[in-house]
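Written below as structure tokens is the structure these notes are about.
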Amino acid sequence: MTGAAVYRGMDQATLDRQYSPSSRVPSLGAYLSEYERLSTAARRDHPVRTGLAYGPHPAESLDYFPGAGRGRTPLLVFVHGGNWQALGRAESAFPTPPLLAAGASVAVVEYGLAPDVGLDAMAGMVRRAVDWLLRHADRLGFAPDRLHLCGTSAGAHLAAMALLPGPSDGPDVSGRIAGAVLLSGMYDLEPVRLSYVNEALRLDEAGARRNSPLGRLPSRLPPVVVARGGNETEEYVRQHERMVRALRPRAKVTEVVAELRDHFDLPYDLGVRGTELGDAVLAQMEPGGTIT
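Letter by letter, the sequence shown follows residues 3 to 294 of this note's numbering.
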């Protein structure tokens, strides 16, 4: 440490590195290019309804991939990462093929990004997407009691926010989510507020508290898979471990530490049988029947 301590003994440069997951990989650009390539292939190779509007904001849209399971399928709703500032549904369909092969349907959600959209509004958008999907379950062909919400990085934070009941932007969907999958997330936003990420988020102390699911978890929650890669920064590991501890008295928790994965390639394992994450996600979605 070379400067004044900002958080938990870390100076500003150290804290900024801790909340920059790309500092642990050789090329973020290579991952983003692969996301786009695989997402384009997923839309080319599988039936999909693109650009379904779930709310009034131009960013409130989703892509829906119907599953091939018999009868009404389970649905995995995927919320992308990008530090609340980047990516969208165009680059975020890459996890869908193995989930579709297992008999699930998949919805890939787009939401507004910082700095144009604040964090409260982003969380409301994800809730609104879940509500819209549930209201259209019959038309889309999935079982409304088998909606599972999954997010990675910033998307894991937004998915966790959707589990919280009570007053918030967007409808309360907390009691209608069958299970959650949280990958490499941030659940206490006070250190995020103190890092470079806040240049775009513009959180004050109250906003950071309001948008920190760790401090707002209800007493009971649906089953949750909490996963991280082996190559994450120490702060992402700490956030993961704190969330696991907080969830255990409240939910059936499956913890996954994929030692050979990092922050950006962990979502590749979603739905892939034989991987720890894929098996955990498919097991969560199995009860009642159409995962094959």
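Each residue gets a CB set at the ideal place from its N, CA and C atoms; glycine is no exception.
None of the values given here were measured: they were computed from a predicted structure.
The continuous stretches of beta strand (DSSP E) do not include S94, and DSSP gives it neither H nor E. E278 sits in a helix when the DSSP states are folded into three classes. In this chain, the beta strand (DSSP E) harbouring N233 covers 226–233.
The beta-bridge partner set that DSSP reports for M12 consists of Y9. Of the candidates A253, A55, S155, A145, the residue whose Cα lies closest to the Cα of V111 is A55.
In the DSSP annotation of this structure, the continuous segment of the beta strand (DSSP E) that includes P146 starts and ends at 144–154. Shown here, A208 sits in a helix according to DSSP, grouped into three states. Going by DSSP, D47 is part of the alpha helix (DSSP H) stretching over 30–47. Distances from the alpha-carbon of F266 to those of A6, R10, S35 put S35 closest.
Going by DSSP, V246 is part of the alpha helix (DSSP H) stretching over 236–249. Within the model, the alpha-carbon separation for A139 versus A145 is close to 7 Å. Taking C-beta separations shorter than 8 Å and ignoring five residues to either side along the sequence, the partners of L30 in its chain run S24, F266, following chain order. Contact holds between the region 95–104 and the region 38–46, because three or more Cβ pairs, one in each stretch, are under 8 Å apart.
The criterion of a C-beta distance shorter than 7 Å is satisfied by P76 and A106. Between V199 and the set V108, G276, Q14, the nearest pair of CA atoms involves Q14. In this structure, DSSP gives S63 an extended state, which the three-state scheme calls strand.
Sequence-distant Cβ neighbours of E192 in its own chain, meaning closer than 6 Å and more than five residues away, are A210. Within the model, the alpha-carbon separation for Y9 versus G84 is close to 23 Å.
Taking a cut-off of 8 Å for Cβ pairs, the region 49–68 and the region 265–283 do not touch, as fewer than three such pairs fall below it. Inter-segment contact for the region 164–171 and the region 125–133 is present: three or more beta-carbon pairs are separated by less than 8 Å. Distances from the CA of R230 to each of G157, R222, V239 were compared; the closest alpha carbon is that of V239.
As DSSP reads the structure, V259 sits in a beta bridge with R230.
Counting C-beta atoms within 10 angstroms of its own C-beta, E62 has 16 or more neighbours from the protein chains shown and is therefore classed as buried. Classified as exposed, R244 has fewer than 16 neighbouring CB atoms from the shown chains inside 10 Å of its CB. Of the candidates R195, G143, G181, the residue whose Cα lies closest to the Cα of A158 is G181. Per DSSP, reduced to three states, the secondary structure at A253 is coil, with no helix or strand assignment.
For H48, the CB contacts under 8 Å within the same chain, skipping 5 residues up- and downstream, are F67, T98, P99, L102 in chain order. For N213, the closest alpha carbon among the candidates R222, S221, L203 is that of L203.
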